[in-house]
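Scroll down for the structure; my scribbles are underneath it.
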Amino acid sequence: MKSYYFIVNPIAGGGKAKSLVHQIERNFRDSGAEFKIYHTRGPRDAIEAASRAAEEGFDIVVAAGGDGTVNEVLNGLVGSNACLAAIHGGKGNDFASAVAMPKGIDQACEALLKSDIRAIDLGKVMDRYFINSVGVGFDAAVALRVNRGVRPFKGTSAYIYAFFEILFSYEPVEMEIDMGSGLLKSDPLLVAVGIGQAYGGGMRIVPDAIQDDGLFDICIFDRMNRLGLVYHFPKVFSGKLKNVEQAHMFRAKEVKLQLSDVRPMHLEGEICFSDHMHFTLEPKGMNVLFGN
Ligand SMILES: [Mg+2]
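In my numbering, each number is its position in the sequence shown, counted from 1, plus 1285.
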């Protein structure tokens, strides 16, 4: 039987992850599996905790939080033998959805105990690993605006507010995009690089992405007038972005971006700034637990 280490982010999802702890304990006590629960104490603590759990020999390290917690746990586990798992415990749970983890905690615990482990591709950019999707440009600027707080708005309404505010202020920059088949020059609104299909809580920015095909799915979204953007934006949730003329989809094993000015990048909960980004992929570089 596998051993489990839960890394709970007590502030994720406004306390959602923390509220699940009792049910996790009940399910796992009944199962007889070895398990331990750890509550994180601040930003980046989950990286250290995951690394310790792997060193202690736990088989499966479970991120109980949102995508930011998943990313920290991932970064603590890379290079170890431990397997990454995630439960829906945050505002954005795109990785948990990507690995088909059930939303209900009892069903999620059942899936964890069944331990269906598969290797999927592992991405790296700016010395940080990622397992799902990353965005550069407009989308990152919106995420940054939400992170800075848009009181009194919360949750989805905060995103909608930030979307409209950034819509009127974001200036695209020139980019040289190298995906291994010649240089592409453009001034897109955003570039998304994905292993999984969605980010930002269900926004399917690369709706055909396959997690273990050894390739990134890339969306280069051309600049568009504001009205067009408002009109087409909902299509990102329904997976119909491919029907939008301005959305260009590519596949590549490596992506280099050179920007004419610094722009934000959102990396699964973390916002970084740079004028160049180099994305590399390690095929099937990470063992993850699937929900079904
Ligand atoms: Mg892929």
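For glycine and all other residues, C-beta sits at the position ideal for the given N, C-alpha and C.
Tell me whether residue i sits in a helix, a strand or coil according to DSSP, three-state version.
i: Val-1431; result: helix
i: Gln-1543; result: strand
i: Val-1384; result: coil
i: Phe-1506; result: strand
i: Tyr-1516; result: helix
i: Lys-1301; result: helix
i: Gly-1361; result: helix
i: Ser-1466; result: coil
i: Leu-1526; result: helix
i: Ile-1292; result: strand
Kindly identify the DSSP beta-bridge partner or partners of residue i.
i: Gly-1420; result: Ala-1477 and His-1551
i: Ile-1309; result: Per DSSP, none; premise fails for Ile-1309.
i: Gly-1408; result: Phe-1415 and Leu-1566
i: Met-1460; result: Ser-1471 and Leu-1544
i: Lys-1538; result: Its beta-bridge partners do not exist; DSSP assigns none.
i: Arg-1403; result: Val-1573
Quick one: residues in its chain with C-beta nearer than 6 Å to the C-beta of residue i, no 5 flanking neighbours on either side, listed in chain order?
i: Met-1464; result: Phe-1535, Ala-1537 and Val-1540
i: Phe-1320; result: Tyr-1289 and Phe-1313
i: Val-1427; result: Ala-1447, Phe-1448 and Ile-1451
Does at least one heavy atom of ligand 1 sit under 7 Å from the Cβ of residue i?
i: Leu-1500; result: yes
i: Asp-1406; result: yes
i: Gln-1543; result: no
i: Ala-1371; result: no
i: Ala-1494; result: yes
i: Ile-1490; result: no
i: Ile-1503; result: no
i: Ile-1416; result: no
i: Ile-1480; result: yes
Going by the beta-carbon positions, is the gap between residue i and residue j smaller than 8 Å?
i: Ala-1385; j: Ile-1372; result: no
i: Ala-1331; j: Asn-1366; result: no
i: Leu-1474; j: Arg-1508; result: yes
i: Thr-1354; j: Ile-1416; result: no
i: Phe-1506; j: Ala-1532; result: yes
i: Met-1460; j: Gln-1543; result: yes
i: Val-1347; j: Ala-1339; result: no
i: Gly-1408; j: Phe-1558; result: no
Closer than 7 Å by C-beta to residue i: which residues in its own chain qualify, once you throw out the five before and the five after it? Chain order, please.
i: Gly-1298; result: Gly-1351, Gly-1374, Gly-1375 and Lys-1376
i: Val-1421; result: Leu-1475, Val-1476, Leu-1542, Arg-1548, Met-1550 and Met-1562
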